[in-house]
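Okay, so the sequence shown: first residue is 64 according to this note's numbering, each after it adds one.
All C-beta atoms in this analysis are idealised placements derived from N, C-alpha and C, irrespective of residue type, glycine included.
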Amino acid sequence: ARMFGYFKQFHTKFGIGIYPIAVFSFDAPMRPEPSVYSETVFGLEVIRYQFKPIQLNLLHWKDFVHNPNPIATALMAKMNVASSDYVEVRRGFFELFSKGNLDRKQLRAINEFMSAYLKLTREQYEQLQEEIKTVMSPHEVEEYTTIITESDEIAFEKGIEKGIEKGIEEGVAQGLRMGQLRLTLRLLEDKFGGVDEALQTRITALQTEKREDLGVALLRMETPDALEAWLDANA
64 ARMFGYFKQF HTKFGIGIYP IAVFSFDAPM RPEPSVYSET VFGLEVIRYQ FKPIQLNLLH
124 WKDFVHNPNP IATALMAKMN VASSDYVEVR RGFFELFSKG NLDRKQLRAI NEFMSAYLKL
184 TREQYEQLQE EIKTVMSPHE VEEYTTIITE SDEIAFEKGI EKGIEKGIEE GVAQGLRMGQ
244 LRLTLRLLED KFGGVDEALQ TRITALQTEK REDLGVALLR METPDALEAW LDANA
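#1: Express the C-alpha separation of T247 and Y207 in angstroms, rounding to a whole number.
#2: Taking the alpha-carbon of S178 as reference, which of I84, L251, K141 has the nearest alpha-carbon?
#3: If we define contact as Cβ-Cβ less than 8 Å, is M139 a contact residue for chain B?
#4: Use the C-beta contact count for A172: other C-beta atoms within 10 angstroms, 16 or more gives buried, fewer gives exposed.
#5: Is A145 closer than 8 Å to P116 when the C-beta atoms are compared?
#6: In the DSSP assignment, the beta strand (DSSP E) including L107 goes from what residue to what residue?
#7: Does the beta-carbon distance from V150 to Q190 come in below 8 Å?
#8: For a minimum of 4 consecutive residues, which ranges assigned as the alpha helix (DSSP H) are wholly contained in the region 120 to 199?
#9: On a Cα-Cα basis, can you pick out the residue from D148, Y180, M199, T184 that is closest to F22?
#10: Under 8 Å, do L107 and F87 count as touching if we go by C-beta distance?
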């Protein structure tokens, strides 16, 4: 029903043909989502609407290695990835950086998205840092480190571990929610130069799952109007 609602809004506003695609970013369940919406009245099917589903947790990240589309590289973080493969998936960002086709804001947005969903252990982080020094020149390393924010990620991981050790599960959950909110607002700042206070309030009020969906949707948004339309349909 939600996808049909989107279709009606955009078709009414723009009056053009629309190829509908739904990106499902949740971790569970693993069963395929339906891709048809229909309504039947008195035995007559009055609406039959189909869309193309892309369910990330049913896709394997290895099928998208070296994909030229930077959005595909970013979305690998939400695919079927074992924790032992986190470093290899994060190497995909190396390729985007070395190609030089994206500006700093775009690279930062992709890196922060991947960092949010592929939390490295200390050993994995150190392995990644060593690889950076091996494959990049000193100048490239300097440029790269101005983009990534791994030090913040490690500090946040330490806080989570300390909270778990003390049994403060509620505090950790709150910290995760606040970290996710800060990431979403940071992505909005990079993409649109920030949003007004009313939209920030609506984003803050979103449930955790909805905010995750928004993080994925932001990769495809081009204007603040698209953000407002998404909030109208999901808030």
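Let me spell this out:
#1: Looking up residue 207 in the sequence shown gives position 144. Looking up residue 247 in the sequence shown gives position 184. Distance between the alpha carbons of Y207 and T247 is about 22 Å.
#2: Your numbering for residue 178 matches position 115 in the sequence shown. Of the candidates I84, L251, K141, the one whose C-alpha sits nearest the C-alpha of S178 is K141.
#3: In summary, chain B is missing from the structure at hand, where a single protein chain is found.
#4: The residue given as residue 172 occupies position 109 in the sequence shown. Flag for A172 reads buried.
#5: The sequence position of residue 116 within the sequence shown is 53, counting from 1. The sequence position of residue 145 within the sequence shown is 82, counting from 1. No; because the gap between Cβ atoms is not below 8 Å, this pair is not in contact.
#6: Walking along the sequence shown from the start, residue 107 turns up at place 44. Element bounds for L107: 107 to 113.
#7: Along the sequence shown, read from residue 1 onward, the residue named residue 150 stands at position 87. Along the sequence shown, read from residue 1 onward, the residue named residue 190 stands at position 127. Yes, these two residues count as a Cβ contact at 8 Å.
#8: 133 to 138, 149 to 162, 167 to 180, 185 to 198
#9: The structure shown does not extend to residue 22, since the chain is modelled only from 64 through 298, so no value can be given for it.
#10: Looking up residue 107 in the sequence shown gives position 44. Looking up residue 87 in the sequence shown gives position 24. In this structure, F87 does not lie closer than 8 Å to L107 by Cβ.
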